[in-house]
Amino acid sequence: MQKYLILFILSLLSLGINAQEVTFRASAPNTVAKGDNFRLVYTLRGGEGSNINVPETIKGFDILYGPAVSSSYSTQIINGKATTDSSESYIYTMTAASEGTFTIPAATIRVNGKTYTSNSIQIKVLPPDKNTKATQQGGGNQGGQPSESSSTAQKISSSDAFIRAIVSKSKVYEQEAFTVTFRFYTTLQVSDIGKIEFPEFEGFMVEDQDLPPTRQLTMEHYNGRNYYSVDLRRTLLFPQRSGKITIPSGKIEMVFNVRSGKAVQTFFGPQYVMTDVKKTMTTSPLTINVTQLPEGKPANFSNGVGSFSMSQSITSTNVKANDAVTLKLVISGTGNMKLIKTPELELPKDFESYDPKITNDLKYTDKGLTGTKTIEYLFIPRYQGTYKIPPVILSYFDNNSNSYKTLSTPEYTLNVAKDPNAGQNNATSFNQSEVKVEQDIRYLKTGNPSFTKTDSFFFGSTAYYLWYIIPMLIFIVCFILYRKQIKENADVIRLKTKQANKVAVKRLKLAGKYLQAHQKEQFYEEVLRATWGYLSDKLVIPVANLNRDNIENELIRYGASSELISKFISILDTCEFARYAPVESDTAMDNLYKDTVDAIGEMENLKVKK
């Protein structure tokens, strides 16, 4: 009875075994050096193979031996469910015979009467390492015995391990993107990574590329030697000024596992004792030649440099009064997409408009940020009629043709019908210049009036004396406050500072909240908005007519000193660049906030001097 029970249980288990899907794949190194031997492995899973067919000759490679066949089989039972995993490996030993990039064709194998095809593999064959060739030509220590020259610890030379700063371009226009890559090269085994100090990119807007958190070393041929290399950082830079800009040196510390110079005898012969050695490596400074954008810049230049196109759409051209309308602008292309100024949309004066909504969908490329920048203009027509929405113009510099180009949207005709819901109490039917009076006539009260008889006289009463005492007390208090004010006004410097700080704190109140919350982008945007708004009000110039080019002349005309002008321009530039630069420290944000308060304070003091 027990025998039959065991057979029954085994039969149930066999029914629960899942058949494994048949796969046939090839694997080999992506990069090898000429003359190196490597293994080409074909792995079959989920079946027993026969009649494997591998090309007898493969361009660029020689087959030294194969196939060597190995197999494995395993079964797992989890929660009563059995799964099997079987694999067969066909191993070929090969050597790289020629330099270049070659493809190993797919192989085939038969499983249960069905033919399966593997993937093909592309392998890059590098030139042989010059050090290896020199060692082979000069001979070496025979028998594997340590020589006298190896009795000291191995020294790490600058050719054994180093770091390079590689730029995609060394001559660019202002705002033209280029990449700088910090790449590590080594012929030694790395046991630990120490401190890494990348240089500051002064004069550039910085956009870092996100690299995978885990990166594998790849073989690369450089200066006659074959190294294992890996990219430590890859950054997209946009120069913000013309001239020669230097990228300073970067520094990195690495710990390498090298021969100590001591050897011990083992069953397999003498073996070197390994030790850890720390080495500090630096990059060489790089000079970038930045050419100023050519003359003939359009008046509505958007600050864009690259290659762009523009499309547009509008929700509707037939609407009712007080209905919201959205004009969508999509800028596509490659370049300094984040630095493109938002084109101005001129609307009729009776339209209510809102700040544009901007959405970036961008990715990193060596030529810049590529993708789309979507700008949505929301506005509301308040009155019926026919209105013209003028074209939106975008001018940029095309670095492919080295010329300025202008993109434009079509002119839209907006037909606005009367709002059927508009009533006499609808305040939206009136613009700012109109005043609505609900009850402009007060009617006379009717009926018999009521009177109250009094038995006392006003003269000599308490109210009579208070009538004289209270004004006298008010006069004394006002006189004291007036004397205090005269005393404070005598201290002109204190008075100026007090007034200036009051104006500055009022305008920068929201920026201060963002500073305390460590919200970097909102902080810089609010400081920029507050600064432009203050200058617009102070100089009595609309914000739309103020720009980086004419602000200096307007401040000079107002009477500002050169130091104050430089301070305002520095604040504006810092805010523009810092919104897209890597995260600044809290100290830098505190300093900018203080500088802005001081600049507005000095500007307020000019009013007193006048």
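So the sequence shown is residues 0 to 609, counted in the numbering used here. We put the CB at the ideal spot given by N, CA and C, even for glycine. Please read all numbers here as calculations on a predicted model, not as lab measurements.
#1: Compare the C-alpha of Arg-506 against each of Ile-103, Ala-598, Val-166 and Met-253 and name the closest.
#2: Measuring only the C-alpha atoms, how far is Asn-590 from Arg-381?
#3: Distance, Cα to Cα, Ser-301 vs Lys-337?
#4: On the CB-based measure, 16 or more other CB atoms within 10 Å of its CB, does Asn-335 come out buried or exposed?
#5: So what's Tyr-353 in DSSP terms, helix, strand or just coil?
#6: For a quick check, are the C-beta atoms of Thr-43 and Ser-86 less than 8 Å apart?
#7: Measuring CA to CA, which of Ser-26, Thr-30 and Gly-46 is closest to Glu-20?
#8: Since Phe-177 and Ser-167 are thought to touch, with beta carbons under 8 Å apart, how far apart are those beta carbons, to the nearest angstrom?
#9: Which residues mark the beginning and the end of the alpha helix (DSSP H) in which Arg-611 is found?
#10: So, under 8 Å CB-CB, Tyr-386 and Gly-511 are touching, yes? Tell me the CB distance rounded to an integer number of Å.
#11: So, for Asp-594: in the same chain, excluding its five sequence neighbours on each side, which residues have a beta-carbon less than 8 Å away from its beta-carbon?
#12: Do the CB positions of Ala-95 and Lys-194 come within less than 8 Å of each other?
#13: With DSSP as the reference, label Val-596 as helix, strand or coil.
#14: Check whether the segment 350–357 and the segment 254–262 touch, using three or more Cβ-Cβ pairs below 8 Å as the test.
#15: May I ask which residues mark the beginning and end of the alpha helix (DSSP H) holding Ile-612?
#16: On the criterion of 16 or more Cβ atoms from any shown chain inside 10 Å, does Gln-174 qualify as buried, or is it exposed?
#17: Please work out which residues of its chain come closer than 6 Å, Cβ to Cβ, to Asp-230, disregarding the five sequence neighbours upstream and downstream, and give them in chain order.
#18: Specify the secondary structure class of Gly-260 as computed by DSSP and reduced to three states.
#19: Output the distance between the C-alpha atoms of Gln-75 and Asp-84, rounded to the nearest integer angstrom.
#20: Tell me, to the nearest whole angstrom, how far the beta carbon of Tyr-115 is from that of Ile-108; I am working on the premise that it is less than 8 Å.
#21: How big is the Cα-Cα spacing for Pro-126 and Pro-269?
#22: Please state whether the Cβ-Cβ distance between His-517 and Asp-585 is less than 8 Å.
#23: Rounded to whole angstroms, what is the Cα-Cα separation between Val-171 and Lys-340?
#24: Following the continuous beta strand (DSSP E) through Leu-43, name the residue where it begins and the one where it ends.
#25: Return helix, strand or coil for Leu-210, following the three-state DSSP convention.
#26: Run through DSSP, which three-state label would Gly-59 get?
#27: Note down, in chain order, each residue of its chain lying with its Cβ closer than 7 Å to the Cβ of Arg-233, except the 5 sequence neighbours on either side.
#28: Given this structure, state the Cα-to-Cα distance separating Gly-48 from Pro-284, to the nearest angstrom.
#29: Just the Cα atoms here: how many angstroms apart are Ser-308 and Ser-331?
#30: Around the C-beta of Tyr-395, are 16 or more other C-beta atoms found within 10 angstroms, so that it is buried, or is it exposed?
#31: If we count the other Cβ atoms within 10 Å of its Cβ and call it buried at 16 or more, is Arg-224 buried or exposed?
#32: Tell me, please, which residues DSSP counts as bridged to Pro-269.
#33: If Phe-255 and Ala-160 are in contact, beta carbons under 8 Å, what's the gap, nearest whole angstrom?
#34: Reducing DSSP to helix, strand and coil, say where Tyr-464 ends up.
Well, looking at it:
#1: Taking the sequence shown and counting its residues from 1, the one referred to as residue 506 is at position 507. Closest option to Arg-506, Cα to Cα, is Ala-598.
#2: Here residue 590 refers to the residue found at position 591 when the sequence shown is read from its first residue. Here residue 381 refers to the residue found at position 382 when the sequence shown is read from its first residue. Answer to the nearest angstrom: the Cα atoms are 45 Å apart.
#3: Residue mapping note: residue 301 aligns to position 302 of the sequence shown, counting from 1. Residue mapping note: residue 337 aligns to position 338 of the sequence shown, counting from 1. Each residue's alpha carbon lies about 11 Å from the other.
#4: Start at 1 with the first residue of the sequence shown, and residue 335 comes out as number 336. Label assigned to Asn-335: buried.
#5: Counting from one through the sequence shown, the residue named residue 353 turns up at place 354. The answer is coil: DSSP assigns Tyr-353 none of H, G, I, E or B.
#6: Here residue 43 is taken as the residue at index 44 of the sequence shown, counted from 1. Here residue 86 is taken as the residue at index 87 of the sequence shown, counted from 1. The residue asked about is misnamed: residue 43 is Leu in this sequence, not Thr. Going by C-beta atoms, Leu-43 is nearer than 8 Å to Ser-86.
#7: Reading the sequence shown from its first residue, position 21 is the one you call residue 20. The residue with the shortest Cα to Cα distance from Glu-20 is Gly-46.
#8: Here residue 177 refers to the residue found at position 178 of the sequence shown. Here residue 167 refers to the residue found at position 168 of the sequence shown. The C-beta separation of Phe-177 from Ser-167 comes to about 5 Å, placing the pair in contact by the 8 Å criterion.
#9: In this structure the chain extends from 0 to 609, so residue 611 is not present and cannot be described.
#10: Within the sequence shown, the letter at position 387 stands for residue 386. Within the sequence shown, the letter at position 512 stands for residue 511. With a beta-carbon spacing of about 41 Å, Tyr-386 and Gly-511 fall beyond the 8 Å limit used to define contacts.
#11: On the sequence shown, residue 594 is found 595 positions in, with the first residue counted as 1. Beyond the five residues adjoining it in sequence on each side, Asp-594 comes within less than 8 Å, by CB distance, of Lys-566, Ser-569 and Ile-570 in the same chain, given in chain order.
#12: Here residue 95 refers to the residue found at position 96 when the sequence shown is read from its first residue. Here residue 194 refers to the residue found at position 195 when the sequence shown is read from its first residue. Cβ distance not < 8 Å, so Ala-95 and Lys-194 don't count as in contact.
#13: Here the question's residue 596 lines up with position 597 in the sequence shown. For Val-596, the three-state secondary structure derived from DSSP is helix.
#14: Not touching, per the Cβ criterion.
#15: Limits of the chain in this structure are 0 at one end and 609 at the other, which puts residue 612 out of reach.
#16: In the sequence shown, counting from the first residue as 1, residue 174 sits at position 175. Here Gln-174 is buried. Its C-beta has 16 or more other C-beta atoms within 10 Å.
#17: Numbered from 1 along the sequence shown, position 231 holds the residue referred to as residue 230. Within its own chain, the residues whose Cβ lies closer than 6 Å to the Cβ of Asp-230, once the five positions on either side in sequence are excluded, are Thr-180 and Arg-182, listed in chain order.
#18: For the purposes of this step, residue 260 is taken as residue 261 along the sequence shown, with counting starting at 1. DSSP places Gly-260 in strand when its eight states are reduced to three.
#19: Along the sequence shown, read from residue 1 onward, the residue named residue 75 stands at position 76. Along the sequence shown, read from residue 1 onward, the residue named residue 84 stands at position 85. Rounded to whole angstroms, the separation of the alpha carbons of Asp-84 and Gln-75 is 8 Å.
#20: Locating residue 115 in the sequence shown gives position 116, counting from the first residue. Locating residue 108 in the sequence shown gives position 109, counting from the first residue. The distance from the Cβ of Tyr-115 to that of Ile-108 is about 6 Å, consistent with a contact at the 8 Å cut-off.
#21: Counting from 1 along the sequence shown, the entry for residue 126 is found at position 127. Counting from 1 along the sequence shown, the entry for residue 269 is found at position 270. Our two residues, Pro-126 and Pro-269, have alpha carbons roughly 31 Å apart in a direct line.
#22: Mapped onto the sequence shown, residue 517 falls at position 518. Mapped onto the sequence shown, residue 585 falls at position 586. Pairing His-517 with Asp-585 gives a Cβ-Cβ distance under 8 Å.
#23: The residue given as residue 171 occupies position 172 in the sequence shown. The residue given as residue 340 occupies position 341 in the sequence shown. Each residue's alpha carbon lies about 21 Å from the other.
#24: Here the question's residue 43 lines up with position 44 in the sequence shown. First-last of the beta strand (DSSP E) with Leu-43: 36–44.
#25: Numbered from its first residue, the sequence shown carries residue 210 at position 211. Here DSSP, grouped into helix, strand and coil, assigns Leu-210 to coil.
#26: By 1-based counting over the sequence shown, the position of residue 59 is 60. In the structure shown, Gly-59 sits in coil (DSSP, three-state: anything other than H, G, I, E or B).
#27: Translated into the one-based positions of the sequence shown, residue 233 becomes position 234. Answer for Arg-233: Thr-178, Thr-180, Gln-208 and Leu-210, listed in chain order.
#28: Locating residue 48 in the sequence shown gives position 49, counting from the first residue. Locating residue 284 in the sequence shown gives position 285, counting from the first residue. The alpha-carbon of Gly-48 is positioned some 58 Å away from that of Pro-284.
#29: Counting from one through the sequence shown, the residue named residue 308 turns up at place 309. Counting from one through the sequence shown, the residue named residue 331 turns up at place 332. Ser-308 and Ser-331: Cα-Cα distance of roughly 5 Å.
#30: Walking along the sequence shown from the start, residue 395 turns up at place 396. Looking at its Cβ environment, which holds 16 or more other Cβ atoms inside 10 Å, Tyr-395 is buried.
#31: Numbered from its first residue, the sequence shown carries residue 224 at position 225. By the neighbour-count criterion, in which a residue is buried when 16 or more other Cβ atoms sit within 10 angstroms of its Cβ, Arg-224 is buried.
#32: Taking the sequence shown and counting its residues from 1, one reaches residue 269 at position 270. Pro-269 pairs with Gln-264.
#33: Taking the first residue of the sequence shown as 1, we reach residue 255 at position 256. Taking the first residue of the sequence shown as 1, we reach residue 160 at position 161. That pair is a contact at about 7 Å.
#34: In the sequence shown, the residue the question calls residue 464 occupies position 465. It is helical.
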